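Heads up: the sequence shown begins at 87 in my numbering, then just goes up one per residue.
The beta carbon of each residue, even a glycine, is placed where N, CA and C say it ideally should be.
It should be emphasised that the depicted structure is a prediction, and the values quoted were computed from it without experimental measurement.
Let me begin by presenting the structure, written as structure tokens, before commenting on it.
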Amino acid sequence: MTTAERAATLRDAIGLGLAVGLYGAAFGATAGAAGLSPWQAVVLSAVMFTGASQFALVGVLGAGGGGPAAIGSALLLGTRNTLYGVRLLPLLRPRGFLRRAGTAHWVIDETTALAVAAPDRRLARLAFLAGGAALYLTWNAATLAGVLGAAALGETARAALDAVVPAAFLALLWPRLRRGAPEAPVQRRVAAGGAAVALLLTPVVPPGVQVLAAAVAVLLAGRPRPAGGRA
């Protein structure tokens, strides 16, 4: 790991963490509109810390749904983090119960993408920790700001925050799909297949199911092939 690689990894990880963490303001505003108090919104961000599940939970509550329905929706979206954990365990190799528990708490979309995109294990761990710390701190601070200023956050500001997450993921994904990247043609086909599955299912399944289905499709498409065997 060279000094330049370390600096580039920290720059990308912290930059992504800060950018996506600002989206916590939108969650804070949504939580406030759903009737949660500031301390409830902050505790939810600190303990749950997985944006899609948090939005699902307060969305159901805000629409008048009960606690079991809200928790069920959040768990449905959160199950994808289990797949991420399976992928990250051999890469990060946390030792001891406390380290494993702390690492698991930061296993989300962004930290997984940062770790998997790193060129080696040491840089993967650095990207995971730096990105996770930046995102966790920014997300929780933005949640508090969002719930306190929910009434002042207009539709234009919410629309701008909505663009942060997909733009960040596209920035991470694009270099791996360009010509010259390792196995770029295969990765392009897998990415296109996962996107197609998600788009086709979006109109006909509950929110979150299309994400799980796309993840399963990508996982199956990217599974190791036996040497000399057929697909």
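As assigned by DSSP and simplified to three states, the class of Asp-206 | coil
Give the secondary structure of Arg-275 by DSSP, where H, G and I count as helix, E and B as strand, and everything else as coil.
-> helix
Pick from Gln-140, Ala-112, Leu-102: whose alpha carbon is nearest that of Gly-232?
-> Ala-112
Residues of its chain near Thr-95, where Cβ-Cβ distance is below 6 Å and the 5 sequence neighbours each way are ignored | Leu-209, Leu-212, Ala-213
Using CA coordinates, which residue listed in Pro-271, Ala-278, Asn-226 is at the minimum distance from Pro-124?
-> Restricting attention to Pro-271, Ala-278, Asn-226, the CA atom closest to the CA of Pro-124 is found in Asn-226.
Distance between beta carbons of Val-144 and Thr-165, contact taken as under 8 Å | At roughly 19 Å, the Cβ-Cβ gap does not stay under 8 Å, so Thr-165 and Val-144 are not in contact.
Beta carbon of Leu-130, beta carbon of Glu-196: below 8 Å?
-> Cβ distance not < 8 Å, so Leu-130 and Glu-196 don't count as in contact.
Does DSSP put Phe-214 in a helix, a strand or coil?
-> helix
Range of the contiguous alpha helix (DSSP H) that encloses Ile-157 = In this chain, the alpha helix (DSSP H) harbouring Ile-157 covers 153 to 164.
Own chain partners of Gly-171 with C-beta closer than 7 Å, once the 5 adjacent residues on each side are dropped = Ala-190, Val-193
From Arg-92 to Pro-180, what distance separates their C-alpha atoms?
-> 20 Å
Use the C-beta contact count for Ala-160: other C-beta atoms within 10 angstroms, 16 or more gives buried, fewer gives exposed.
-> buried
Buried versus exposed call for Thr-89 [16 or more other C-beta atoms within 10 Å across all chains shown] | exposed
Between the CA atoms of Gly-217 and Ala-138 - distance to the nearest angstrom | 18 Å
Sequence-distant residues of the same chain with beta carbon closer than 7 Å to Arg-207, five excluded per side | Leu-177
Rounded separation between Leu-184 and Val-133 - CA only | 15 Å
By DSSP, does Pro-124 sit in helix, in strand, or in coil?
-> helix
Euclidean distance between Cα positions of Leu-175 and Gly-279 = 25 Å
Could you tell me the boundaries of the alpha helix (DSSP H) in which Val-144 lies?
-> 137 to 148
Could you check how far apart the C-beta atoms of Val-128 and Leu-230 are, in whole angstroms? I think they sit under 8 Å.
-> 5 Å
Contact check, Leu-221 vs Gly-107 under 8 Å by CB: the rounded distance?
-> That pair is a contact at about 5 Å.
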